[in-house]
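K.L.:
Structure incoming, see below.
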Amino acid sequence: MSSCSMSSSEVRPPRRVAVIGGGPAGLFAAERLRAAGIDVDLYEAKGSPGRKFLIAGKGGLNLTHSDPRPLFDSRYREQAASVGQWLDGFDAQALRDWAAGFGVDTYVGSSGRVFPVDRKAAPLLRGWVRRLKEQGVRLHVNHRWLGWGEDGALRFATETGVLDVRADATVLALGGGSWPQLGSDGAWVPVLQARAVDIAPLQSANCGFDVAWTPFFAQRHAGAPLKPVVAHWHGLDGEPRSLQGECVASEYGIEGSLIYALSADLRDTINRDGHATLWLDLVPGRDEARLQSDLSQPRKGRSFGEHLRRQAGLDAVKTALVFETLGKDAGNDLAAVVTTLKHLPLRMLRPRPMAEVISTAGGVRLDALDDGLMLRALPGVFCAGEMLDWEAPTGGYLLTACYASGLRAAEGVTAWLATR
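Position 41 of the sequence shown, counted from 1, bears residue number 41 in full-length UniProt numbering, the numbering being contiguous throughout.
Next comes the structure, spelled out in structure tokens:
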């Protein structure tokens, strides 16, 4: 009797969870786990957490987007339904409310994107890390995860050697394969594959593309903005699509917000066909009939390039694109010029390497996880953030889903530990 009584009155030691990765998904998972009364150790490979968060916010932290749901969910393409379930727990408004808890007010810009009023990432990140420490989250920097030891312990490379750690559950928030210098290097892929975790190959997303410019064009016009233009392309389903925006001619090809928005379609087409064609309308404010009339006016001794600038309103880079496409004798075929101005073809050869792109697609397939984002092959191991197989365009959608998945994983951990 007394033995039973002593047993029932024993106090169970606090559960300990290891969160590996100090980006938004990992930090948010740690925050919510600690709020649930769970001991949390957060391990970060670099010397401080949130480095990619800081760099991404350098030009103005795009925290989320004002799109209503379900339009917001649709930005996640094939994974819209799955990510939508995460957003049911933490959506764009919840993220804005969370930021307000740090005294960071937000506003909706003209494009619908949501920014902190001061547009800075550093004050928010500093306040966040400080609060996590005050709440009892133990932060371990310069701890690079190596996988598991033979006895099942988590293994880290540290400044003083290899460290083995035991935890009741683990949240992996290791990022994708972009910006490896900031910690997201994809080194976790073979570690999980060796444990029978199904992973879609990582590939570039929100990226620029190589175009075979002539050396003259690349040298003269690299960095020149193309605005406004309308992009026309075909999705994998063959359906025509179009989008107006701005992009930039680069030394290697083309990049910028317009290109990032449609990069998934272009990349997937290249994967299937070996290349993709994008058509640009260089003069969206004029139809072909008006262009034909405008360009039929006498040149009065001007070069055809100057004639294009005066009569069609083209700037130097758009004019150069016409010659890049039609050759130096472009002015001899006015009909071809008009067609090119409205439908200039660009042959995309390949996406830019993952190391220099904004984000990556691929990662742990969602079918390899249960609803709480626990790996079916590794009970007690949960995943969150960009290391999962989903993608979205820039505009705040990436960051919002990272937060939402961090919460989902934290809730999954809490529910799983309650059954142990």
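Using N, Cα and C, we set each Cβ at its ideal position, and we do this for glycine too.
1) Per DSSP, Gly-363 is paired with what?
2) Assuming the contact rule is C-beta atoms closer than 8 Å, Pro-317 and Ala-224 should be a hit. Round their C-beta distance to whole Å, please.
3) Looking at the unbroken beta strand (DSSP E) that takes in Lys-227, where does it start and where does it end?
4) Does DSSP put Glu-150 in a helix, in a strand, or in coil?
5) In three-state terms, what does DSSP make of Arg-347?
6) Out of Pro-353, Arg-302, Arg-290, Glu-386, which one is the CA nearest neighbour of Pro-341?
7) In this structure, how does DSSP classify His-275 when only helix, strand and coil are distinguished?
8) For the alpha helix (DSSP H) containing Ile-20, list its first residue and its last residue.
9) When the distance is taken between beta carbons, is Pro-345 closer than 8 Å to Trp-279?
10) Going straight from the alpha carbon of Ile-259 to that of Trp-233, what length do you get?
11) Give every residue of the same chain whose Cβ lies closer than 6 Å to the Cβ of Ala-25, excluding the five residues on either side of it in the sequence, and list them in chain order.
12) List the whole-angstrom C-beta distance separating residue 424 from Leu-139, where the pair is believed to meet the contact cut-off of C-beta under 8 Å.
13) Please report the straight-line C-alpha distance between Leu-378 and Gly-109, rounded to a whole angstrom.
14) For the beta strand (DSSP E) that contains Gln-79, what are its first and last residues?
15) To the nearest angstrom, how far is it from the Cα of Ser-2 to the Cα of Ala-18?
16) Tell me the DSSP secondary structure of Glu-288 in three-state form.
17) So is Arg-51 buried or exposed if we call it buried at 16+ other beta carbons inside 10 Å?
18) Using a threshold of 8 Å, state whether the C-beta atoms of Ala-30 and Val-137 are closer than that.
19) Under the rule that 16 or more other beta-carbon atoms within 10 Å means buried, what is Phe-216, buried or exposed?
20) Please report the distance separating the alpha-carbon of Val-283 from that of Ser-74.
21) Which residues in the same chain as Leu-33 place their Cβ atom closer than 8 Å to its Cβ, once the five residues preceding and following it in sequence are excluded?
22) What are the uninterrupted segments assigned as beta strand (DSSP E) that are 3 or more residues long and contained completely in the stretch 46 to 134, given in chain order?
23) What number of angstroms, rounded off, separates the C-alpha of Phe-156 from the C-alpha of Asp-105?
P.N.:
So, from the listed chains and residues:
1) Ala-200
2) Correcting the residue identity first, residue 317 is Val in this sequence and not Pro. Rounded, the Cβ-Cβ distance is 4 Å, consistent with contact.
3) 224 to 234
4) coil
5) strand
6) In the sequence under discussion, the amino acid at residue 341 is Leu, which differs from the Pro named in the question. Per the Cα distances, Arg-290.
7) coil
8) Unbroken run through Ile-20 is the beta strand (DSSP E), 16 to 20; no alpha helix (DSSP H).
9) yes
10) 11 Å
11) Ala-173, Ala-384, Gly-385, Cys-402, Ser-405, Gly-406
12) Within the shown structure, residues of the chain are numbered from 1 to 420, placing residue 424 beyond reach of any answer.
13) 43 Å
14) Note, Gln-79: premise wrong, no beta strand (DSSP E); not H, not E.
15) Low confidence applies here, because Ser-2 scores a pLDDT of 41, under 50, leaving its location unreliable; read the following figure in that light. Using only the alpha carbons, I get a separation of about 36 Å.
16) helix
17) buried
18) yes
19) exposed
20) 30 Å
21) Val-17, Val-19, Val-40, Val-171, Ala-410, Val-413, Thr-414
22) 106 to 108, 113 to 116
23) 38 Å
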